[in-house]
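Notes to accompany the following structure.
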Amino acid sequence: MNTRARIAVITLGHYIYFEQFDGLEAELKKKTAELISFIDKDKCDIFDAGFVDTPEKSFDAVKELKKQDIDLLFILLSTYVPSSVCMPFARYITAPQVLVGIQPLAHLDYSHTTTYMQLCNDDICAMPEIAGVYRRLGREIPKCIVASSVQESFIRNELNEWVDAANALASFKYATIGYLGHTYEGMYDMHTDPNAIARAFGSHVKMLEMCELVKLVDEITDKEVETKINIIKKTFTICNPSVDPITDFVHDEDLIIAAKVSCALDKLIVNNNLTALAYFYKGEKNRYEEIAANLIIGNTLLTSSGTPLAGEADLKTAAAMLIMNRIGAGGSFAEIHPFDTDSDIVLIGHDGPHNIEIASKKPYLRKLKKYHGKAGSGIGVEFSIRSGPLTMLGITVGEDGQLAMVAAKGVSIPGEVPQTGNTNTKVNFGCRVNEFLSRWCEAGPTHHVALGCGDKIETLKKFSILSGIKLTIVS
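So for the sequence shown, my numbering puts the first residue at 18; every next one is plus one.
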């Protein structure tokens with residue numbers, strides 16, 4: 018379920034000016050349309066809460082905003098505004114807020130400036146006063162966007178980074194995250210209190226059992242399998258064994274069981290209205306083991322379509338993958354692999370789940386006779402993330418039991434990677450690789466991360482502000 022953030026815009030003015038200067042009110046109201054034009058409408062739903070210039074009108078706007086269940090409020094200051102006009106939003110609106118002052122002119126023509134012209138460009142005048150009201154009411158002072166209209170690229174980037182961050186947070190709103198099986202034995206960093214997820218994101222963690230997935234597998238028809246196999250063959254390149262002796266040929270029966278499990282996984286997501294899923298099952302050479310060992314293709318297809326799945330029952334990384342997906346980075350399940358001190362790169366990848374939307378080329382399928390550290394055998398997915406800037410996001414738990422984020426930006430480097438049926442991306446973090454890895458580990462992350470395309474650090478900073486989840490940047 019891909020939830021779009023509900024973004025509201027309210028424009029503030031000062032009624033006394035409009036009795037003194039003809040045409041000023043109409044001119045200032047145009048600023049609302051300009052602000053909205055900078056927001057990418059494909060990313061969110063926008064609610065124009067109108068123009069208010071008295072506390073009484075603000076109270077009415079607050080009542081309407083509460084009905085809209087908004088995720089983010091942009092408060093546009095059109096000129097000097099008494100802080101009483103903003104107080105109702107500071108006091109009654111619990112959604113995150115951003116103060117915006119966009120001055121029409123880059124600078125005044127000082128020798129020809131009139132009071133009317135100054136009032137048209139007084140967007141920043143009241144911002145300190147209004148920030149003070151939030152502090153005195155015991156509310157967090159909103160972040161502020163200050164610019165002139167000529168700085169259009171800066172304004173667009175700032176507004177849409179906030180929208181991306183709001184989209185990520187909105188994806189958790191009223192959401193159900195599935196938890197199938199149990200954590201990998203001995204991985205203490207995987208253990209997550211579902212209440213920590215509820216506290217951080219407001220999402221429900223639903224406990225699922227393998228028997229439900231097995232029942233769905235048994236109900237899949239031959240037609241469904243045929244359709245899914247066609248999708249698999251179109252999406253992936255099927256490879257012969259590599260130099261790794263645990264790789265094997267992909268046979269028809271391998272595709273059939275993988276397709277069945279993929280179809281069943283699709284239905285599990287729909288039947289339980291899941292936004293994301295964390296899963297793991299340690300089998301003992303039984304039916305459950307066979308199905309759990311063939312989840313990789315299905316969870317890769319789902320992750321790539323916007324429903325992230327995290328292996329080893331890692332709820333926190335399922336959340337990190339969802340965040341990365343909603344901010345436009347993709348988000349593939351990964352961990353740190355061997356590094357190269359000659360080239361200052363580290364391999365980052367995993368045996369699943371993956372996001373092929375950010376793959377450098379058409380991904381490979383390789384049959385694996387065994388999964389290292391796991392039971393069973395099946396088909397693995399192999400690719401690298403496309404070259405260019407990337408971001409790595411991990412979610413961990415602090416000593417207080419609350420979730421915290423750890424992130425870093427790097428560059429995906431093209432080149433040869435191991436042919437082991439896993440993803441592997443060569444990443445350079447702009448410094449000596451061993452030094453970076455030391456700093457990363459010292460930040461206390463879990464060993465899993467969500468790896469995505471693009472430099473998304475500024476958006477993650479905004480997400481941290483909106484969600485209240487602490488963010489540590491490792492550089």
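Ideal Cβ placement from N, Cα and C applies to all residues, glycine included.
Span of the beta strand (DSSP E) around residue 120: One-based indexing of the sequence shown puts residue 120 at position 103. Residue range 114-120 is occupied by the beta strand (DSSP E) that includes residue 120.
Element boundaries [alpha helix (DSSP H), containing residue 316]: If you number the sequence shown from 1, residue 316 lands on position 299. Per DSSP, the continuous alpha helix (DSSP H) segment holding residue 316 begins and ends at 313-321.
Comparing C-alpha positions only, which one of 409, 358, 102 and 463 sits nearest to residue 491? Taking the sequence shown and counting its residues from 1, the one referred to as residue 491 is at position 474. Among 409, 358, 102 and 463, the Cα nearest to that of residue 491 belongs to 409.
Should residue 62 and residue 24 be called a contact, given that it needs their Cβ atoms to be closer than 8 Å? As a first step, residue 62 must be located in the sequence shown, where it is residue number 45. As a first step, residue 24 must be located in the sequence shown, where it is residue number 7. Yes, they are a contact pair.
In angstroms, rounded to a whole number, what distance separates the CA positions of residue 439 and residue 385? Sequence index remark: in the sequence shown, residue 439 carries index 422 (1-based). Sequence index remark: in the sequence shown, residue 385 carries index 368 (1-based). Between the alpha carbons of residue 439 and residue 385 lies a gap of roughly 10 Å.
Where does residue 297 fall in DSSP's three states? Locating residue 297 in the sequence shown gives position 280, where the first residue counts as 1. Residue 297 sits in a strand when the DSSP states are folded into three classes.
What residue ranges within the region 410-485 form continuous beta strand (DSSP E) runs of no fewer than 3 residues, ordered along the chain? Runs found: 420-430, 442-445 and 465-470.
Could you give the residue range of the beta strand (DSSP E) that holds residue 487? Residue numbering aside, residue 487 sits at position 470 when the sequence shown is read from its first letter. For residue 487, the uninterrupted beta strand (DSSP E) run begins and ends at 487-490, by DSSP.
Mind checking residue 196: buried by the 16 CB within 10 Å criterion, or exposed? Your numbering for residue 196 matches position 179 in the sequence shown. Classification for residue 196: buried.
How close, in whole Å, do the beta carbons of residue 349 and residue 371 come, if the pair is a contact with beta carbons under 8 Å? Taking the sequence shown and counting its residues from 1, the one referred to as residue 349 is at position 332. Taking the sequence shown and counting its residues from 1, the one referred to as residue 371 is at position 354. For a cut-off of 8 Å, the C-beta gap from residue 349 to residue 371 is around 5 Å, short enough to register as a contact.
For residue 476, which residues of its own chain have a beta-carbon under 6 Å away from its beta-carbon, when the five flanking residues on both sides are left out? Against the sequence shown, residue 476 aligns to sequence position 459. Answer for residue 476: 178, 181, 182 and 344, listed in chain order.
First through last residue of the beta strand (DSSP E) which encompasses residue 156: What you label residue 156 is simply residue 139 of the sequence shown in a count that begins at 1. Here residue 156 belongs to no beta strand (DSSP E), and DSSP marks it neither H nor E.
Locate the alpha helix (DSSP H) running through residue 249, then write down its first and last residues. The residue given as residue 249 occupies position 232 in the sequence shown. Unbroken alpha helix (DSSP H) run through residue 249: 239-252.
Measure the alpha-carbon distance for residue 11 versus residue 423 and round it to whole angstroms. Since the displayed the chain opens at 18 and closes at 492, residue 11 lies outside it and no answer follows.
Label residue 31 either buried or exposed according to how many other C-beta atoms from any shown protein chain fall within 10 Å of its C-beta, with 16 as the threshold for buried. Within the sequence shown, numbered from 1, the residue matching residue 31 stands at position 14. When all chains shown are included, residue 31 counts as buried.
Below 8 Å, how does it come out for the region 324-340 and the region 211-230: are there three or more Cβ pairs, yes or no? Verdict: yes, contact present.
Taking C-beta to C-beta, are residue 170 and residue 189 nearer than 8 Å? To locate residue 170, count along the sequence shown from 1; it is residue 153. To locate residue 189, count along the sequence shown from 1; it is residue 172. Contact: no.
DSSP three-state label for residue 105, please. Residue mapping note: residue 105 aligns to position 88 of the sequence shown, counting from 1. Secondary structure of residue 105 (DSSP, three-state): helix.
Decide yes or no for the touch test of the region 303-323 against the region 218-236: beta carbon pairs closer than 8 Å, at least 3 of them. Yes: the two stretches touch, three or more of their Cβ pairs being nearer than 8 Å.
What whole-angstrom Cβ distance do residue 314 and residue 279 have, given they're in contact under 8 Å? Within the sequence shown, numbered from 1, the residue matching residue 314 stands at position 297. Within the sequence shown, numbered from 1, the residue matching residue 279 stands at position 262. With 8 Å as the limit, residue 314 and residue 279 qualify as a contact, their Cβ atoms being about 5 Å apart.
Closer than 7 Å by C-beta to residue 506: which residues in its own chain qualify, once you throw out the five before and the five after it? Chain order, please. Any question about residue 506 goes unanswered here, given that the chain covers just 18 to 492.
May I ask which residues mark the beginning and end of the alpha helix (DSSP H) holding residue 9? Residue numbering for the chain in the displayed model covers 18 to 492; residue 9 lies beyond these limits and cannot be assessed.
State the Cα-Cα distance for the pair residue 472 and residue 112, rounded to the nearest angstrom. Reading the sequence shown from its first residue, position 455 is the one you call residue 472. Reading the sequence shown from its first residue, position 95 is the one you call residue 112. If you draw a straight line from the Cα of residue 472 to the Cα of residue 112, it comes to about 26 Å.
Whole-angstrom C-beta distance between residue 411 and residue 380, which should lie under 8 Å: For the purposes of this step, residue 380 is taken as residue 363 along the sequence shown, with counting starting at 1. For the purposes of this step, residue 411 is taken as residue 394 along the sequence shown, with counting starting at 1. The pair is not a contact, with the Cβ atoms about 23 Å apart (cut-off 8 Å).
Opening and closing residue of the alpha helix (DSSP H) in which residue 75 lies: Your numbering for residue 75 matches position 58 in the sequence shown. Membership of residue 75 in the alpha helix (DSSP H) is indicated by the continuous run 72-85.
Stretch pair the region 150-170 + the region 115-129: three plus CB contacts closer than 8 Å: The region 150-170, when compared against the region 115-129, does touch it at the 8 Å Cβ threshold.
Inspect the beta-carbon positions of residue 351 and residue 362 and report whether they are closer than 8 Å. Within the sequence shown, residue 351 is the residue found at index 334, counting from 1. Within the sequence shown, residue 362 is the residue found at index 345, counting from 1. Contact flag unset, no.
Touch test, the region 88-97 against the region 72-79, Cβ-Cβ under 8 Å, three pairs minimum: The count of Cβ pairs closer than 8 Å, one atom from the region 88-97 and one from the region 72-79, stays below three, leaving the stretches out of contact.
Range covered by the alpha helix (DSSP H) that runs through residue 181: As a working mapping, residue 181 is identified with position 164 in the sequence shown. First-last of the alpha helix (DSSP H) with residue 181: 169-187.
Threshold first: 4 residues or longer. Then list the alpha helix (DSSP H) segments lying entirely within the region 194-231, N to C. The region 194-231 contains these whole alpha helix (DSSP H) runs: 211-218.
Assigned secondary structure, residue 35 (DSSP; H/G/I helix, E/B strand, else coil): As a working note, residue 35 is residue 18 in the sequence shown. Look at residue 35 here: in three-state DSSP terms it is helix.
Continuous alpha helix (DSSP H) assignments of at least 4 residues falling wholly in the region 263-288: Every alpha helix (DSSP H) of 4 residues or more that sits fully in the region 263-288 is shown, in chain order, as 269-288.
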